[in-house]
Amino acid sequence: MAAQGSTVCKICMEPGNEMRNTTNKCSHSYCTKCIGKHIATKVQENITLITCPEFNCKERLEPHSCKDIISGAVLYLWEISLCESLRPVSDTVLRGDQDKLLVQLAEKKKWKKCPGCKYYVERTMGCLHIICRCGSEFCYGCGATWSDTHEAECKRV
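The working numbering puts the sequence shown at residues 199 to 355.
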């Protein structure tokens with residue numbers, strides 16, 4: 199993260215705080231206190247792929263670039279969560295009765311799993327375009343990654 203000049207943070211709206219670009223790939227900058235809180239909140243919510251807080255910016259923040267503005271505990275949890283999210287998980291392996299009950303309930307309620315974070319998602323109304331809490335966008339009908347042309351091309355199952 200590169201240091202920025204003194205401007206107004208778009209989160210706290212305070213001028214004069216130490217500002218930082220969130221990533222090297224986007225030019226959005228926030229004060230170190232706010233971006234640190236943003237990261238800590240996402241880690242607490244178990245979201246591993248943390249993006250720039252700017253609306254519609256999908257540039258990812260990396261732990262090694264943020265280690266000087268977050269606590270060691272947050273950094274550790276973020277890195278552990280990232281490692282866990284990369285571990286291959288078999289959908290056929292269940293760890294207990296509660297897992298079996300969850301799968302049965304999901305099938306009964308016709309919940310879908312997010313292809314990004316594997317959390318169950320329930321569509322209650324509206325279109326098939328789902329934006330998960332992890333940031334993944336997918337089609338609720340077929341599970342494919344969402345694009346601007348997907349709805350016309352969808353092969354709903």
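Beta carbons are placed, not taken as given, at the ideal position from N, Cα and C, and that holds for glycine.
Beta-carbon proximity of residue i to residue j, cut-off 8 Å
i, j, result
"Cys-210", "Cys-250", "no"
"Thr-163", "Ser-279", "The structure shown has nothing for residue 163, since the chain only spans 199 to 355."
"Trp-344", "Glu-335", "yes"
Rounded C-alpha distance that separates residue i from residue j
i, j, result
"His-262", "Lys-306", "42 Å"
"Cys-232", "Pro-213", "12 Å"
"Glu-277", "Lys-256", "19 Å"
"Glu-243", "Leu-300", "20 Å"
"Leu-303", "Lys-316", "15 Å"
"Arg-258", "Cys-281", "16 Å"
"Asn-222", "Lys-298", "43 Å"
"Thr-220", "Gly-270", "18 Å"
"Asp-346", "Gly-324", "16 Å"
"Asn-215", "Ile-328", "36 Å"
"Cys-312", "Leu-326", "13 Å"
Residues sharing a beta bridge with residue i, DSSP
i, result
"Glu-335", "Ile-329"
"Ser-227", "Asn-219"
"Lys-310", "Val-319"
"Thr-249", "Arg-258"
"Val-301", "The partner list for Val-301 (beta bridge, DSSP) is empty, contrary to what the question assumes."
DSSP state of residue i mapped onto helix, strand, coil
i, result
"Tyr-274", "helix"
"Thr-343", "strand"
"Thr-239", "helix"
"Pro-261", "helix"
Same chain, Cβ closer than 7 Å to residue i, neighbours up to 5 away in sequence not counted
i, result
"Arg-354", "Gly-339, Cys-340"
"Lys-265", "Leu-273"
"Ala-238", "Ile-268, Val-272"
"His-348", "Cys-337, Ala-342"
"Lys-240", "Ile-248"
Proximity test, Cβ basis, 8 Å: residue i and chain D
i, result
"Thr-249", "Among the chains in the structure shown there is no chain D, since it carries only a single protein chain."
Beta-carbon contacts of residue i that lie in its chain and below 8 Å, excluding the five residues immediately before and after
i, result
"Gly-314", "Leu-247, Cys-330, Cys-332, Gly-333, Ser-334, Phe-336"
Beta-carbon proximity list for residue i, same chain, < 6 Å, skipping 5 on both sides
i, result
"Lys-310", "Val-319, Tyr-338"
"Gly-234", "Ile-267, Ile-268"
"Ser-283", "Thr-246"
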